[in-house]
């Protein structure tokens, strides 16, 4: 299922096939009715009986089962989170993590907008009271923005709004308690903020210790999505492992009026021809949604600009993005729900690559 969160604290639960696959470069369709001046802030895939952990900008975490959120159509505005969680005045949910079981060898990695990172054992969040518990201590002016699950041998990929990237192993982070701030993940230049974080499973990477100039386009890839609707895939082997508290490598050369919206690691689920069968769902600030195949996104170098993924026009900028694998879609698909899918929009001619 899909969980869609708005900036003003409304949440919607819908089936993945609510949004048809479309060609890249199309306008997309609306995520549905939203309150006035409200925008989509997060978009995740989960299962009905998952524990859903809700992390707020103030570093507090809350918990509720996924089925507690009423299922609705695109036309519904959603359920106010204040009816499900004990949020304080002005508190916003910034990250949602679905959990099916709290394994002892699993962790949560947290990243703030000002670049602080820390790792906490997942089982520290197995019993959360209704009023929530502290997940991270924040410095004044900072806020918690990204939370992901990981194992010690996994890699964590971090990216800033200016397109700088650091990839390092999760075991380089010492496991800490909930009531700590963590360490500096990246040295940010003036005016720069963190843009995204994703995890690369240990079984899916062969990360070089040093950079190689040999051109290798094989998976996995880092999928970069800029807030102007342009994106690209870059082979993971184009990056070397780098220590935390460094400037990082340039992963995306962005124009002055553009910043990085999201970075995902793709290529875990492949077709027989070695291409990705994953899909990415893009949501604009106005609530327009575009769902496209990852394999339709070009593989390019770190310095390239990429291709048009979504025509934004009057839809603002890209607000959030989420990945859907073929396996996740099949688990949620049923014959009755398939009949509810609206007719696909007329496919448009794909756009050429954006020149550097």
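Residue numbers (the UniProt record's numbering): 1 to 356. Glycine included, every Cβ here is placed at the ideal spot set by N, Cα and C.
Contact check, residue i vs residue j under 8 Å by CB: the rounded distance?
i: residue 117; j: residue 173; result: 7 Å
i: residue 195; j: residue 261; result: 7 Å
i: residue 9; j: residue 81; result: 4 Å
i: residue 59; j: residue 137; result: 7 Å
i: residue 110; j: residue 135; result: 7 Å
i: residue 359; j: residue 297; result: The first residue shown for the chain is 1 and the last is 356, placing residue 359 beyond what the model contains.
Look at the alpha carbon of residue i and the alpha carbon of residue j, and state the distance between them as a whole number of angstroms.
i: residue 321; j: residue 253; result: 20 Å
i: residue 223; j: residue 130; result: 36 Å
i: residue 114; j: residue 56; result: 15 Å
i: residue 61; j: residue 106; result: 17 Å
i: residue 127; j: residue 228; result: 40 Å
i: residue 275; j: residue 259; result: 28 Å
i: residue 247; j: residue 189; result: 8 Å
i: residue 263; j: residue 91; result: 25 Å
i: residue 311; j: residue 288; result: 10 Å
i: residue 199; j: residue 95; result: 15 Å
i: residue 192; j: residue 184; result: 14 Å
i: residue 93; j: residue 2; result: 16 Å
i: residue 182; j: residue 249; result: 22 Å
i: residue 45; j: residue 221; result: 20 Å
i: residue 5; j: residue 133; result: 21 Å
Looking only at DSSP bridge pairs, what is residue i linked to?
i: residue 148; result: 109
i: residue 12; result: 4
i: residue 324; result: 279
i: residue 160; result: 194
i: residue 155; result: 169 and 200
i: residue 121; result: 107
i: residue 142; result: According to DSSP, which records beta bridges pairwise, residue 142 is partnered with nothing at all.
Would you say residue i reaches chain C, if we count a Cβ-Cβ gap shorter than 8 Å as a contact?
i: residue 246; result: No chain C appears in the structure shown, which is made up of a single protein chain.
Could you check if residue i belongs to the surroundings of the ligand ZN, using beta carbon to heavy atom distance under 7 Å?
i: residue 248; result: No copy of the ligand ZN occurs in the structure displayed, which carries no ligand at all.
Item to check | Whole beta strand (DSSP E) elements within the region 162–247, 3-residue minimum | outcome: Within the region 162–247, the beta strand (DSSP E) runs of at least 3 residues that lie entirely inside it are, in chain order, 164–169, 194–200, 221–226 and 230–235.
Next on the checklist: With three or more beta-carbon pairs closer than 8 Å as the criterion, would you say the region 138–147 touches the region 214–224?
Outcome noted: No, the region 138–147 does not touch the region 214–224.
Checklist entry - Where in the region 44–109 do unbroken runs of the alpha helix (DSSP H), each at least 4 residues long, occur, reported from the N-terminal end onward? => result Along the region 44–109, the alpha helix (DSSP H) does not occur as any fully enclosed run of 4 or more residues.
Checklist entry - Is it a yes or a no for the region 96–107 touching the region 49–58, going by three-plus beta-carbon pairs under 8 Å? => result yes
Checklist entry - Quick one: any contact between the region 280–298 and the region 306–321, if contact means 3 or more CB pairs under 8 Å? => result yes
Checklist entry - Okay, do the region 159–175 and the region 110–127 touch, 3+ Cβ pairs below 8 Å being the bar? => result yes
Next on the checklist: What ranges does the beta strand (DSSP E) occupy inside the region 234–313, keeping only unbroken runs of at least 3 residues that lie completely in it?
Outcome noted: Within the region 234–313, the runs of beta strand (DSSP E) that reach at least 3 residues and sit entirely inside it are, in chain order, 260–266, 279–284 and 288–293.
Item to check | Sufficient close CB pairs (3 or more, under 8 Å) joining the region 300–308 to the region 63–76 | outcome: no
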